[in-house]
Amino acid sequence: MLSLYRRHRPRTFENVVGQDHIVRTLRNAVELDKVHHAYLFVGSRGTGKTSMAKLLACALNAEGGPRTDFAPDDPACQAIARGTSLDVVEMDAASNNSVDDIRELRENVALAPMGGGRRVYILDEAHMLSPAAWNAFLKTLEEPPAHVVFVLATTEAHKVPATIVDRCHRFDFHRPSLEQIAGVLRRVAAEEGIQIPDPALGMIARAATGSFRDALGTLEQLVTYGGSEVKVDHVLEILGVADAELVLDTAEALVDHDARAALLAVERLSGSGRDLTQFMRDLAAHLRHLFVVQTLGQVPDSFSVTAEHTGRLRSQAERLNQSEVLRAVELVAEALRAVKDGSEPRIQLELALMKAARPESDLSLQALMFRIEQLEQRLAGAPATARGRSGDAAAPAAKVTRGPAPPGPAPPTPSAPVPSSPDESVAEPVAAGDAPPRPVAQPAGEGARGLAVAEAAPAPDASPDEEALPATTAPELDLDRLKALWPAAVEAVRLEKAMVGALLADAQPTALEGSRLTLTFPQAAEFSKRKAESNREVLQQALHGLTGRSLALSYELGANGPAGAPTLTSEELLERLKEEFGAEEIFEDDPPTS
Ligand SMILES: Nc1ncnc2c1ncn2[C@@H]1O[C@H](COP(=O)(O)OP(=O)(O)OP(=O)(O)O)[C@@H](O)[C@H]1O
Ligand SMILES: [Mg+2]
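This is how it looks when you write it as structure tokens:
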């Protein structure tokens, strides 16, 4: 018995889904007797190229002359559908791509059509023809006998020589939307007496990645697998795709910054026995969809399977900002790479979700840069995402249009307000006139966990509708929090100025009075202290990035260095600087090297 997709190959132009632009043009060409002698059909697999070519052949060979409303049961059409028509020659260039094949074709085209219509040559996978074969074909393609029509079909137009493309009327087949594929599946299932719920259709459509053939192939497999009553579980088993629901729930946990919900989703997933790596790929695909929805401001047709799914996609896109989505995509991609290198998928997935749900728990530089960016976005007046307030539909639909931070003046770089003079024992960190960085309005969740914020007074030029959070939401910065952030601050400095970062590794924050932070270096690290002191700006910037506060810094030598950490004498430190950074000792009276 013919396979399902062949049984349901479109038999009339009306049956062709998603290629209206081509159907209309071909119909007009037939009706106006303006059929060109060579067509180039371009499109991804299973979008209808061969089907369309056969329909054109049916129209041209219809009983009683060319017509677009031909009868599919017409003998000529039947023969064309079965591939037994003498007037319609199907060639697969994947296996017939040589000069000899083309020579044989050239001899053949002169033959008059048996049925009195047109001889239609359908050349599939046309891009597989060898260069010599193309050359041999060129003349025939350019001036075939009047009764011949060539249809070249390819998924890779860029491999077809320009000389050939120029001589053809080119049609680009659209990639069908998920809805369109689901529609064809629904129609075929009805015709075949197959019961299948909508969510299952959606999953098959999604897994078909734009190919009607693959979707129908999966449906056929499901019927063989579970009979004509298809269940969602069957689909999940057959396709091994993670339950779309589980992907949405996991993304929801990220939107709500709900680490617990994220872990529970992983628990559900591993309990279901589904492939975790495939789930990560699906989650990454879903996050990418969110990003696209945010950029386009709407849910593209090809993304949505069911209305409920569209709604959840839109709502998630509204409640996450783009940098959060990007970061989540990066984290999942990182997890997939680690799994490829042999790491345990579950751990990697949980780690990625933890970092994405709680950026403050991740002290990597990426996480810090991400949080600085969040701060900058907020400083730039971008509306705070509704994080932590899941289901808060406060963000009006328009919010979907939210993309990267709106244009306009960049927030003052943290460095500006920080006083630079090393011995500033007298001056407070930020003199009144120094345009201190504007306090950042933070949603409660964030502030509490991550960053201390300066007095949460609304920014002086905050627009009237800018959300001013009550001061109480941002807890004060304290020494413990600074100590927790210290490794990250040193890391940030190290990336700016590696040597200064190395020097600071010996220091520890030991006191915080108001906005004055004292750093203590071990007794023996006199040199590090002096050097670090004279490079205080880079540290002040890093601390500002992390805490939103401009801190004055005091440097002192203490009795002991960090517990267990070996303190380096100046000589040892010099040696290490030479080794690690290729530093050179410059003696005062050395002439400057040009
Ligand atoms: N536009 C469409 N509308 C309805 N069904 C379609 C459409 N395109 C493809 N199909 C279904 O998919 C099957 C395969 O389509 P077809 O052979 O035309 O694809 P193709 O574009 O030629 O693919 P390939 O590039 O792999 O050759 C058809 O038999 C039909 O069942
Ligand atoms: Mg084909």
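Numbers given in this note's numbering equal positions in the sequence shown, counted from 1, plus 163.
All C-beta atoms in this analysis are idealised placements derived from N, C-alpha and C, irrespective of residue type, glycine included.
Rounded distance between the beta-carbons of residue j and residue i, thought under 8 Å
i: Val347; j: Ala378; result: 7 Å
i: Gly278; j: Asp250; result: 5 Å
i: Lys660; j: Val701; result: 5 Å
i: Leu292; j: Asn271; result: Leu292 to Asn271, Cβ: 16 Å. No contact.
i: Arg482; j: Val395; result: Not really, about 27 Å apart at Cβ, beyond 8 Å.
i: Ala414; j: Gln479; result: 6 Å
i: Leu682; j: Leu716; result: 6 Å
i: Thr381; j: Leu402; result: 7 Å
i: Phe442; j: Leu489; result: So it is not a contact: roughly 20 Å between Cβ atoms.
i: Thr213; j: Ala316; result: 6 Å
i: Val312; j: Arg269; result: Not a contact, Cβ separation roughly 15 Å.
i: Ser691; j: Gln703; result: Incorrect: roughly 17 Å between the Cβ atoms, too far for contact.
i: Ala216; j: Phe204; result: 7 Å
i: Gly474; j: Pro339; result: Not quite, the Cβ-Cβ distance comes to about 22 Å (not below 8 Å), so this is no contact.
i: Val398; j: Met366; result: 5 Å
i: Ala491; j: Leu450; result: 5 Å
i: Arg376; j: Arg208; result: 7 Å
Outcome for residue i when other beta-carbon atoms lying within 10 angstroms are tallied against a minimum of 16
i: Asp183; result: exposed
i: Asn191; result: exposed
i: Glu487; result: buried
i: Lys302; result: exposed
i: His707; result: buried
i: Pro508; result: buried
i: Tyr388; result: exposed
i: Ser258; result: exposed
i: Asp287; result: buried
i: Asp236; result: exposed
i: Met164; result: exposed
i: Arg477; result: buried
i: Gln686; result: exposed
i: Asp264; result: buried
i: Gly610; result: Only weak support is given to the placement of Gly610: the predicted model assigns it a pLDDT of 43, under 50, and the value that follows is read from those uncertain coordinates. That one is buried.
i: Thr210; result: buried
i: Arg664; result: Per the sequence presented here, residue 664 reads as Gly, with Arg not at that position. Label assigned to Gly664: buried.
i: Leu195; result: exposed
i: Pro112; result: Past the boundaries of the shown model lies residue 112; the chain is included only from 164 to 757, so the question cannot be answered.
i: Pro522; result: buried
i: Ala220; result: buried
i: Thr635; result: Confidence in Thr635 is poor, its pLDDT being 47 and thus under 50, which makes the residue's placement too unreliable to answer from.
Paired residues, beta bridge with residue i - DSSP
i: Gln145; result: Coverage of the chain is limited to positions 164 through 757, which leaves residue 145 absent and any answer about it impossible.
i: Ala239; result: Partner(s): none; Ala239 has no beta bridge.
i: Ile285; result: Glu253, Val314
i: Gly201; result: Note that residue 201 is Ala in the sequence shown, not Gly. According to DSSP, which records beta bridges pairwise, Ala201 is partnered with Phe313.
i: Gln358; result: Glu392
i: Arg333; result: Leu203
i: Tyr168; result: In the DSSP output, where bridge partners are listed per residue, Tyr168 has none listed.
i: Ser478; result: Paired residue(s): none; Ser478 is not in a bridge.
i: Ala715; result: Arg679
i: Leu720; result: Phe684
Beta carbon proximity, residue i to chain D, threshold 7 Å
i: Glu487; result: Note that chain D does not occur in the displayed structure, where there is just one protein chain.
For ligand 2, enumerate in chain order all residues having a CB closer than 6 Å to any of its heavy atoms.
Lys212, Thr213, Asp287, Ala316
Are three or more beta carbon pairs between the segment 331-349 and the segment 230-239 nearer than 8 Å?
Counting Cβ pairs under 8 Å, fewer than three are found: no touch.
Counting pairs of beta carbons, one from the segment 446-454 and one from the segment 405-421, are three or more of them closer than 8 Å?
Verdict: yes, contact present.
If you pair each beta-carbon of the segment 352-360 with each one of the segment 304-322, do three or more pairs fall below 8 Å?
No, the segment 352-360 does not touch the segment 304-322.
Taking 8 Å as the cut-off, does the segment 192-199 touch the segment 236-246 (at least 3 CB pairs, one atom from each stretch)?
no
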